[in-house]
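Report on one structure; see the data block that follows.
Residue numbers (the working numbering), protein chains in the order written: chain P, 167 to 513; chain W, 387 to 891.
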């Protein structure tokens with residue numbers, strides 16, 4: 167157990183190191199010094215209070231959407247619709263922020279969270295229901311629903327919900343009681359980070375200490391055994407997709423209510439797709455997802471700095487991100503192979 | 387006549403089992419040789435050796451007198467040996483022709499010469515009266531047609547020796563009789579055929595000679611003209627003395643049946659009827675043994691009782707009340723527990739720890755959870771207790787179930803089902819693949835459970851086990867109860883005949 171736990175940390179670490187080594191090669195090929203570039207990366211991510219703030223601001227939506235995706239993946243439901251669920255969550259928050267008048271913060275903030283969770287959950291739940299009822303493939307359904315959600319957002323922010331004071335496609339500012347306050351003065355870091363951390367704790371508890379978590383783990387590992395044990399796998403699918411979508415919805419809420427204070431047309435920088443990578447990097451464990459989201463956010467913020475300060479081409483930054491993901495996923499494959507070989511000997 | 391194929395002294399060990407023990411078989415040109423035997427007799431191992439999927443520890447294979455090495459299916463094909471497996475290996479979305487040429491496509495550069503392939507297949511199909519439409523998509527074909535596609539595939543590759551593994555298992559009687567016509571036309575054209583079966587009637591109908599295997603050994607080879615079904619049944623199941631784990635089976639004071647099936651018919655995984663009008667009663671404190679060769683409806687019978695498969699017709703009663711079929715949770719609440727033959731796929735979650743597996747059936751109720759929240763302390767204490775009480779050897783309860791040996795895994799599963807306090811216990815092949823010690827232990831647990839008043843349905847392909855443990859016996863054949871008796875003075879021969887379908891109406 168301890169050796170496998172150790173290797174579950176060491177091997178991904180090694181993979182990340184390899185990715186950076188390969189990245190160094192590319193940076194050198196682009197005619198820049200890898201040492202200078204990586205120093206800029208680290209400084210941009212963690213150099214001062216503001217850098218820390220930006221990294222954590224980026225962590226927040228990635229963490230929430232990653233948690234949601236991980237919950238689905240645990241039950242072996244391939245929800246790749248976090249992007250759409252983020253959009254719906256943001257719209258839920260926007261409805262509260264735009265149309266329910268001036269609410270006090272202690273009402274307004276819980277309300278946007280609930281509305282966002284419900285909207286994201288609904289969006290995910292529809293895919294779950296279709297899977298349960300008609301065996302509709304959730305990969306296709308959630309992917310298509312992403313486009314629908316994006317279209318709904320575009321329509322609303324460009325039409326009925328557009329800021330009357332502007333011709334640009336975004337909504338008016340939310341009412342003050344529905345805006346997440348800044349928690350680290352001098353930075354953009356907002357209270358959404360606490361929402362995300364609470365969600366990690368809640369997801370951890372849900373996964374490891376509840377009957378729901380037990381059943382979803384069993385369904386994900388061996389659906390036949392779950393059926394044999396009398397579990398209601400259909401209900402489990404719908405519930406999992408609701409929770410998964412709800413958490414992604416929260417990512418949408420914190421992004422609009424904490425950062426932009428309104429819904430812009432393209433407010434989500436593909437967080438929903440990055441969430442898939444983060445869920446896998448975190449090995450679908452809530453704590454692992456938290457670490458992965460933080461690392462990924464640091465990589466994104468740091469790479470931006472690397473580009474600004476050292477002039478490393480942006481495409482190399484993308485390649486670096488891709489390499490990290492690829493190698494960590496590949497290392498998961500090697501770990502599995504090794505385990506299979508060990509088990510094979512036992513037979 | 388000359389021998390086209392000789393298997394000489396083939397021996398194959400698996401850990402703890404001698405699957406093939408110095409087997410000698412010869413196949414003459416233009417004959418059908420039947421290979422008859424129960425499950426586990428070593429037929430499949432032998433054929434896998436012949437087809438290059440396994441390597442023998444000893445012995446050699448001679449094709450037309452020439453010794454040859456067969457290390458892979460492509461070696462076998464090169465020697466003119468073709469195999470049609472029991473479960474077809476076809477791509478459903480491709481056409482029959484595409485499936486047949488798959489792997490040996492006639493090509494022109496990167497292009498498939500579709501016309502040429504189709505013509506050749508058409509010709510073969512007519513020659514052997516196989517009646518296959520090369521352009522039909524496989525998913526549209528019936529099981530019988532799919533089998534003919536498999537046969538064409540083997541012929542297309544130029545096979546002179548065909549091995550057919552339980553070819554009629556999934557055919558309807560009409561399809562089976564058509565299939566025999568095809569076999570005859572192949573033999574007429576000089577092909578030689580090894581026909582693996584456990585059905586006496588078929589073996590008598592089609593083969594020239596019959597070789598019987600039991601427990602990895604050749605018991606004998608007889609000419610069809612000199613053989614009788616009774617003699618073959620004896621050879622197949624043996625006349626050994628039965629070792630009893632228990633003392634006596636019991637003469638019962640019958641109480642009310644705790645569970646019963648009336649005229650139960652179910653559709654199996656292949657879309658055909660797996661059970662056809664089965665009626666049976668389970669009584670408290672009694673073991674009902676279900677004998678039969680695998681695939682005659684045993685698994686489906688277990689699944690119906692465990693609530694994993696709906697009934698197409700008929701009804702199921704528990705405590706005299708009719709209950710809906712196909713609800714696993716309900717059956718558990720009624721006290722029906724199930725030790726499945728598929729231990730790794732169904733009975734346990736192999737990559738999760740023992741403490742997860744120990745509470746699969748009880749996690750939703752106190753003391754393991756309350757109001758949806760797990761009580762890890764109770765779960766761990768229970769698992770520790772189980773491993774001690776049932777002597778489940780493991781490094782700790784945190785290791786994955788997949789790390790346990792076969793015997794310990796089965797103990798874990800059986801312990802779980804027993805600790806739920808079953809009133810009805812369905813045990814499907816409970817000792818298959820276990821070592822001797824574990825077999826005894828599992829049998830003792832089943833008998834203990836009987837003493838506690840549990841009604842037990844013991845499904846086993848091992849006739850010795852059925853005879854050793856059961857109070858009553860039924861034999862399933864082709865989804866029907868072919869024979870039913872008290873376990874008192876019943877002869878193995880009778881059971882063997884019933885298992886081979888010779889006692890069917």
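Ideal placement from N, C-alpha and C gives every residue a C-beta, glycine not left out.
Give the residues of chain P in contact with residue 749 of chain W, contact being defined as C-beta atoms less than 7 Å apart. Position 363 of the second chain, counted from the first residue, corresponds to residue 749 of chain W. Result: 377, 380.
Counting only beta-carbon atoms, is residue 704 of chain W nearer than 8 Å to chain P? Working through the second chain from its first residue, we reach residue 704 of chain W at position 318. So no, residue 704 of chain W is outside the interface.
Straight-line Cα distance separating residue 466 of chain W from residue 546 of chain W: Working through the second chain from its first residue, we reach residue 546 of chain W at position 160. Working through the second chain from its first residue, we reach residue 466 of chain W at position 80. About 5 Å.
Are any of the Cβ atoms in chain W nearer than 8 Å to that of residue 395 of chain P? Translated into positions along the first chain, residue 395 of chain P becomes position 229. Cβ-Cβ to chain W under 8 Å: yes for residue 395 of chain P.
Starting from residue 452 of chain W, trace the beta strand (DSSP E) in both directions and tell me its first and last residue. Residue numbering aside, residue 452 of chain W sits at position 66 when the second chain is read from its first letter. Counting along the chain, the beta strand (DSSP E) containing residue 452 of chain W begins and ends at 452-454.
Please report how far the alpha carbon of residue 858 of chain W lies from the alpha carbon of residue 746 of chain W, in whole angstroms. Position 472 of the second chain, counted from the start, is the residue given in the question as residue 858 of chain W. Position 360 of the second chain, counted from the start, is the residue given in the question as residue 746 of chain W. Between residue 858 of chain W and residue 746 of chain W, the C-alpha separation is close to 31 Å.
Residue 445 of chain P versus residue 414 of chain P: straight-line alpha-carbon distance, rounded: Working through the first chain from its first residue, we reach residue 445 of chain P at position 279. Working through the first chain from its first residue, we reach residue 414 of chain P at position 248. Rounded to whole angstroms, residue 445 of chain P to residue 414 of chain P spans 12 Å at the Cα level.
With DSSP as the reference, label residue 462 of chain W as helix, strand or coil. Along the second chain, read from residue 1 onward, the residue named residue 462 of chain W stands at position 76. Residue 462 of chain W: helix per DSSP, three-state reduction.
Name the two residues that bound the continuous beta strand (DSSP E) containing residue 669 of chain W. In the second chain, residue 669 of chain W corresponds to position 283, counting from 1. Note, residue 669 of chain W: premise wrong, no beta strand (DSSP E); not H, not E.
Pairwise C-alpha distance: residue 549 of chain W and residue 904 of chain W: Any question about residue 904 of chain W goes unanswered here, given that chain W covers just 387 to 891.
Residue 533 of chain W beta carbon less than 8 Å from that of residue 348 of chain W: Shown here, chain W extends from 387 to 891; a query on residue 348 of chain W therefore has no answer.
Residue span of the alpha helix (DSSP H) that contains residue 895 of chain W, given as start and end: Residue coverage of chain W in this structure runs from 387 to 891, which leaves residue 895 of chain W outside it and unanswerable.
Inter-residue spacing [alpha-carbon to alpha-carbon] between residue 371 of chain W and residue 415 of chain W: Only positions 387 to 891 of chain W appear in this structure, which leaves residue 371 of chain W out of reach.
Span separating the alpha-carbon of residue 323 of chain P from that of residue 360 of chain P: Along the first chain, read from residue 1 onward, the residue named residue 323 of chain P stands at position 157. Along the first chain, read from residue 1 onward, the residue named residue 360 of chain P stands at position 194. So the alpha carbons of these two residues sit roughly 28 Å apart.
Helix, strand or coil for residue 736 of chain W? Go by DSSP, reduced to three states. Residue numbering aside, residue 736 of chain W sits at position 350 when the second chain is read from its first letter. Of the three classes helix, strand and coil, the one that applies to residue 736 of chain W here is coil, per DSSP.
Compute the distance between the beta-carbons of residue 374 of chain W and residue 391 of chain W, then report whether it is under 8 Å. Nothing can be reported for residue 374 of chain W, as the shown portion of chain W is limited to 387 through 891.
Whole angstroms are fine: how far does the CA of residue 362 of chain P sit from the CA of residue 220 of chain P? Walking along the first chain from the start, residue 220 of chain P turns up at place 54. Walking along the first chain from the start, residue 362 of chain P turns up at place 196. Rounded to whole angstroms, residue 220 of chain P to residue 362 of chain P spans 15 Å at the Cα level.
Closer than 8 Å is the cut-off here; do at least three beta carbon pairs connect the segment 217-231 of chain P with the segment 421-439 of chain P? yes
Can you name, in chain order, every residue of its own chain whose Cβ lies under 6 Å from the Cβ of residue 386 of chain P, other than the five neighbours on each side? Locating residue 386 of chain P in the first chain gives position 220, where the first residue counts as 1. Taken in chain order, the residues that qualify are 240, 241, 242.
Using the C-alpha atoms, what's the distance from residue 540 of chain W back to residue 646 of chain W? By 1-based counting over the second chain, the position of residue 646 of chain W is 260. By 1-based counting over the second chain, the position of residue 540 of chain W is 154. The straight-line gap from Cα to Cα measures roughly 46 Å.
Mind checking whether residue 879 of chain W and residue 619 of chain W have CB atoms under 8 Å apart? By one-based count along the second chain, residue 879 of chain W stands at place 493. By one-based count along the second chain, residue 619 of chain W stands at place 233. Closer than 8 Å, so yes.
Chain-order list of residues whose beta-carbon lies under 8 Å from that of residue 867 of chain W (same chain, five-residue window excluded): Position 481 of the second chain holds residue 867 of chain W. Within the same chain, residue 867 of chain W has close Cβ partners 664, 665, 666, 860, 861.
If we cut at 8 Å on Cβ distances, does residue 759 of chain W have a partner in chain P? The sequence position of residue 759 of chain W within the second chain is 373, counting from 1. Output row for residue 759 of chain W: interface = yes.
Under the three-state DSSP convention, the category residue 414 of chain W falls into: By 1-based counting over the second chain, the position of residue 414 of chain W is 28. Three-state result, residue 414 of chain W: strand.
Our contact map puts residue 701 of chain W next to residue 708 of chain W with C-beta atoms below 8 Å; I'd like the distance itself, whole angstroms only. For this step, residue 701 of chain W is matched to residue 315 along the second chain. For this step, residue 708 of chain W is matched to residue 322 along the second chain. Indeed, because the Cβ distance is near 5 Å, the residues count as touching under 8 Å.
Which class does residue 397 of chain W belong to by DSSP, given the choice of helix, strand or coil? The sequence position of residue 397 of chain W within the second chain is 11, counting from 1. Residue 397 of chain W falls in the strand class under three-state DSSP.
Is it right to say residue 440 of chain P is buried, meaning 16 or more other beta carbons lie within 10 angstroms of its own, or is it exposed? Locating residue 440 of chain P in the first chain gives position 274, counting from the first residue. That one is buried.
Rounded to a whole number of angstroms, what is the C-alpha to C-alpha distance between residue 438 of chain W and residue 462 of chain W? Translated into positions along the second chain, residue 438 of chain W becomes position 52. Translated into positions along the second chain, residue 462 of chain W becomes position 76. Near 6 Å, if we compare the C-alpha coordinates of residue 462 of chain W and residue 438 of chain W.
Beta carbon of residue 754 of chain W, beta carbon of residue 743 of chain W: below 8 Å? Position 368 of the second chain, counting from 1, holds the residue named residue 754 of chain W. Position 357 of the second chain, counting from 1, holds the residue named residue 743 of chain W. For residue 754 of chain W and residue 743 of chain W, no; Cβs fall outside 8 Å.
Tell me whether the segment 715-731 of chain W and the segment 813-828 of chain W touch, counting them as touching only if at least three CB pairs, one residue from each stretch, are closer than 8 Å. yes
Are three or more beta carbon pairs between the segment 459-472 of chain P and the segment 373-390 of chain P nearer than 8 Å? no
Within chain P, partners of residue 755 of chain W - CB distance below 9 Å: Counting from 1 along the second chain, the entry for residue 755 of chain W is found at position 369. Result: 376, 377, 380.
Which residue comes first and which comes last in the beta strand (DSSP E) that contains residue 603 of chain W? Stepping through the second chain from its first residue, residue 603 of chain W is reached at position 217. Residues 603-609.
Spell out the partners DSSP gives residue 867 of chain W in its beta bridges. The sequence position of residue 867 of chain W within the second chain is 481, counting from 1. Per DSSP, W:862.
Please list, in chain order, all residues of the same chain as residue 735 of chain W whose beta carbon is under 7 Å from its beta carbon, the five residues on each side excluded. Translated into positions along the second chain, residue 735 of chain W becomes position 349. So the list reads 742, 743, 787, once near-sequence residues are dropped.
If you pair each beta-carbon of the segment 331-348 of chain P with each one of the segment 179-196 of chain P, do three or more pairs fall below 8 Å? no
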